[in-house]
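Sequences listed follow chains A and B, in order. Residue numbers for the first sequence follow my numbering, so the first one is 1 and each next one is one higher. Residue numbers for the second sequence follow my numbering, so the first one is 343 and each next one is one higher. For every residue, glycine included, the Cβ atom is placed at its ideal position computed from N, Cα and C. The next block holds one structure in the form of structure tokens; read it before the comments.
Number of protein chains: 2
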Amino acid sequence: MTARQPTVEDVARRAGVSRQTVSNVLNTPEIVRAPTRARVEEAIAELGYAPSMAARRLRTRRSETIGIRLDPYAGGISGIVLDRFVHALTDQATPRGLRLLVYAADDADDEIARIRRLREGGEIDRVVLTGTFEGDPREAWLAEHGVPFVAFGRPWGEPGTGAQMGDPARPWVDVDGAAGTRAATFHALGEGDRVAFLGWPAGSGTGDDRERGWREALGGEGLRWSTLDSVAEARATVERELARERVDAVVCASDALALGAHLAASHAGRPELLVVGFDNTPVAEALGIASVEQRPERVAEAVLDLLVADASAGDVGAGPWHRLIEPVLVVREREYFSPQRP
Amino acid sequence: MTARQPTVEDVARRAGVSRQTVSNVLNTPEIVRAPTRARVEEAIAELGYAPSMAARRLRTRRSETIGIRLDPYAGGISGIVLDRFVHALTDQATPRGLRLLVYAADDADDEIARIRRLREGGEIDRVVLTGTFEGDPREAWLAEHGVPFVAFGRPWGEPGTGAQMGDPARPWVDVDGAAGTRAATFHALGEGDRVAFLGWPAGSGTGDDRERGWREALGGEGLRWSTLDSVAEARATVERELARERVDAVVCASDALALGAHLAASHAGRPELLVVGFDNTPVAEALGIASVEQRPERVAEAVLDLLVADASAGDVGAGPWHRLIEPVLVVREREYFSPQRP
Chain A
1 MTARQPTVED
11 VARRAGVSRQ
21 TVSNVLNTPE
31 IVRAPTRARV
41 EEAIAELGYA
51 PSMAARRLRT
61 RRSETIGIRL
71 DPYAGGISGI
81 VLDRFVHALT
91 DQATPRGLRL
101 LVYAADDADD
111 EIARIRRLRE
121 GGEIDRVVLT
131 GTFEGDPREA
141 WLAEHGVPFV
151 AFGRPWGEPG
161 TGAQMGDPAR
171 PWVDVDGAAG
181 TRAATFHALG
191 EGDRVAFLGW
201 PAGSGTGDDR
211 ERGWREALGG
221 EGLRWSTLDS
231 VAEARATVER
241 ELARERVDAV
251 VCASDALALG
261 AHLAASHAGR
271 PELLVVGFDN
281 TPVAEALGIA
291 SVEQRPERVA
301 EAVLDLLVAD
311 ASAGDVGAGP
321 WHRLIEPVLV
331 VREREYFSPQ
341 RP
Chain B
343 MTARQPTVED
353 VARRAGVSRQ
363 TVSNVLNTPE
373 IVRAPTRARV
383 EEAIAELGYA
393 PSMAARRLRT
403 RRSETIGIRL
413 DPYAGGISGI
423 VLDRFVHALT
433 DQATPRGLRL
443 LVYAADDADD
453 EIARIRRLRE
463 GGEIDRVVLT
473 GTFEGDPREA
483 WLAEHGVPFV
493 AFGRPWGEPG
503 TGAQMGDPAR
513 PWVDVDGAAG
523 TRAATFHALG
533 EGDRVAFLGW
543 PAGSGTGDDR
553 ERGWREALGG
563 EGLRWSTLDS
573 VAEARATVER
583 ELARERVDAV
593 VCASDALALG
603 AHLAASHAGR
613 PELLVVGFDN
623 TPVAEALGIA
633 SVEQRPERVA
643 EAVLDLLVAD
653 ASAGDVGAGP
663 WHRLIEPVLV
673 VREREYFSPQ
683 RP
């Protein structure tokens, strides 16, 4: 490059406007009157001015870019909820002037290393965490290094350590799973009082939370079955249980479990048995299975609200720093199947 | 900031290594011996050296970041293929030292405006296009402005204008849909010679291509049904056709169509009728429906290969500049359903 790069000042002089107006045309063109905008854009074209985000970034040390990990596709039915969340985040970040940079990572430590590099390079300046778990080192690291972040998923922790759930240093947004299974169970009680719960083995925060909603709606204990999140295992479990118990309906912790339960009921000659899933995936939609919809679009909105607040100094402490999104139950006209083997 | 920012040279001096070694620790730490790496990292920490990607970017005008549009979730069964592609791209871009920035856009023109701004700001330096269509202005714009890009999806164009398919200025990767339905039809011919095709209305490049594979495998015309990509419409169409035609198997242009065909066959008392879908979605997997797997991970690999080649001056012309990925047929042990209405 031989000649000096044109600056904002050059553009302003050429167009006969203030520097602020040039800045507005570049950053918020919708607030500039059309003739003025046209004049500034003409000056930009004539001078060959290129606004450099990289230069601005160096000056402000703010990239306004959110980093988020995107895991390899693992197959299965439920992964779609996280994909819907990323889609919604992308869609809603753009009009807020935020960008989304996605990265891969092998595990939590690898993700920390990745975040550290992206941040040091000014590539990202805030983070959305997914797949949080107890004792997650990512949250501690981000808090310690002053990186604004919001987690999709609350820290479950040990019973009695609930204090951290309101910790403004660890903001999170989550779906109120218990509210979802509560609604599902109230709906299922219309079929009779023996509403079973098909969940995962105890110990996962999310699974235990969904089970709690069912128990609260029942007002006590009931038929509680547990299996891995597999259609085949769910089907085998429910076939076995239906042979020995009277069951009026089954509330499930996922759509994969619900599909297994639905196939088992059909196979046992009870295609009309009400089964309620969780996640409202295309599978539930295609087969007419009722399911709890997590509303990932609402989760994305809340995450961005907290992330923007967090990134502006002074806002910290203005809380609340966690949001529970209320899911909705989607009830469908049921299709009845009975599987036959030829 | 009062003091001068420490440089790579300061770090090298402090650690007693060469500048190259410092650079290696920053960029390819895996090739540096552990004790040396520890010494350099210690020096970095002591001096508070922050390698600035933004500074490097200003110098090289290369962000090594790929822009890709991510559309809002539209529901349905088949969107998962594009999500798998984005996951795979993220996963494979990271080890190649490339980053992925996702953005939203309302339409092709809006996407061009978005790309222009991100590029002017040094945010992205290459693009992956999805959802290309005939006369797509995005490809023309990118080619004209010298932005390296690769499209997932070939330009179908008018018959006889196939020349542009080999145009090195418009590189693309696509899945050989015709090869997929050809394999599906050969498999289906094991059930009898009356293999029907259930596709979309004529005129979509992708749909016509999938139909072609079926016709080629049949060696001529056959039963050809068409409907929108809806489970309910597919089901109604196939129920109607089964009532008046002898049909040995149905090859479908999507899993949504296959699910509809499967439900129709079951309802018509033919739960054993072989149906083959396309996309190998979780729905097909869960219900045991055979389906053509597009291998989006292979598509991502090919896209990155072309994108990297394209971005390095001198490689242009070394072609081939388009890649057709061969899909595979996934055959499953079938589940037989017959829907019952109480």
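Nearest CA to the CA of Ala286/A: which residue from Leu306/A, Gly269/A and Val330/A?
Val330/A
Measuring only the C-alpha atoms, how far is Gly561/B from His429/B?
Near 38 Å, if we compare the C-alpha coordinates of His429/B and Gly561/B.
For chain A, find out if any of its Cβ atoms is closer than 8 Å to the Cβ of Ile422/B; answer yes or no.
For Ile422/B, the answer is yes, since a Cβ of chain A falls inside 8 Å of its Cβ.
Take the Cβ of Ala140/A as the centre, count every other Cβ of all protein chains shown within 10 Å, and call the residue buried at 16 or more, exposed below.
Label assigned to Ala140/A: exposed.
Closest to Ala578/B by CA distance: which of Ala603/B, Pro662/B, Leu615/B and Glu462/B is it?
Ala603/B
Confirm the yes/no value for this check: CB of Ala261/A, any heavy atom of the ligand HEM, distance under 7 Å.
The ligand HEM is absent from the structure shown, which contains no ligand whatsoever.
From this set, Ala607/B, His609/B and Ser633/B, which residue's C-alpha is nearest Gly619/B's C-alpha?
Ser633/B
In DSSP terms, what Thr227/A is bridged to:
Paired residue(s): none; Thr227/A is not in a bridge.
Residues of the segment 106-134 of chain A in Cβ contact with chain B at a cutoff of 8 Å, in chain order, please.
Residues passing the 8 Å Cβ filter: Arg114, Leu118, Glu120, Gly121, Gly122 and Glu123.
Contact criterion: CB-CB distance below 8 Å. Does Arg96/A meet it with respect to chain B?
no
Chain C beta carbons: is any one of them nearer than 8 Å to that of Asp248/A?
Of the chains in the structure shown, none is chain C; the protein chains are A and B.
6 Å Cβ shell around Ile419/B - same chain, five flanking residues per side excluded
Asp597, Ala598, Thr623 and Val625
Given 8 Å as the limit, is there contact between the segment 221-240 of chain A and the segment 190-208 of chain A, that is, 3 or more CB pairs closer than that?
yes
Taking DSSP as the reference, what is the three-state secondary structure of Trp141/A?
helix
Between His145/A and chain B, is any beta-carbon pair separated by less than 8 Å?
no
Look up Thr185/A in the DSSP assignment and say whether it is helix, strand or coil.
helix
Spatial neighbours of Glu239/A within its chain, please: C-beta separation below 7 Å, excluding the five flanking residues on both sides.
Ala264, His267 and Ala268
Would the segment 443-457 of chain B and the segment 475-493 of chain B be scored as touching if the rule is three or more Cβ pairs under 8 Å?
yes
Distance, Cα to Cα, Gly495/B vs Ala644/B?
12 Å
Which bits of chain A does Ile419/B rub up against, with CB to CB less than 9 Å?
Pro282, Val283, Glu285 and Ala286
Once DSSP output is grouped into helix, strand and coil, what is the label at Ser360/B?
Judged by DSSP in its simplified three-state form, Ser360/B adopts coil rather than helix or strand.
Do Ala249/A and Leu223/A have their C-beta atoms closer together than 8 Å?
no
Note the first and the last residue of the continuous beta strand (DSSP E) segment covering Leu100/A.
For Leu100/A, the enclosing beta strand (DSSP E) begins and ends at Arg99 to Tyr103.
Cβ pair count under 8 Å reaching 3, the segment 295-309 of chain A against the segment 176-196 of chain A
no
Proximal residues of chain A, C-beta to C-beta of Arg441/B below 9 Å:
Under the 9 Å cutoff, chain A gives Leu101, Val102, Tyr103, Leu118 and Glu123.
My understanding is that Val150/A touches Pro171/A, with C-beta atoms under 8 Å, so please give their C-beta distance in whole angstroms.
Yes, Val150/A and Pro171/A are in contact; Cβ-Cβ is about 5 Å, under 8 Å.
Contacting residues, own chain, Cβ-Cβ under 7 Å from Glu123/A (five flanking each side not counted):
Ser63, Thr65 and Leu101
Just checking: is the beta-carbon of Glu88/A within a distance shorter than 8 Å of some beta-carbon in chain B?
According to the sequence provided, residue 88/A is Ala. The question's Glu does not apply to it. It does; some Cβ of chain B falls within 8 Å.
Per the DSSP calculation, Ile31/A is bridged to which residue(s)?
DSSP lists no partner for Ile31/A.
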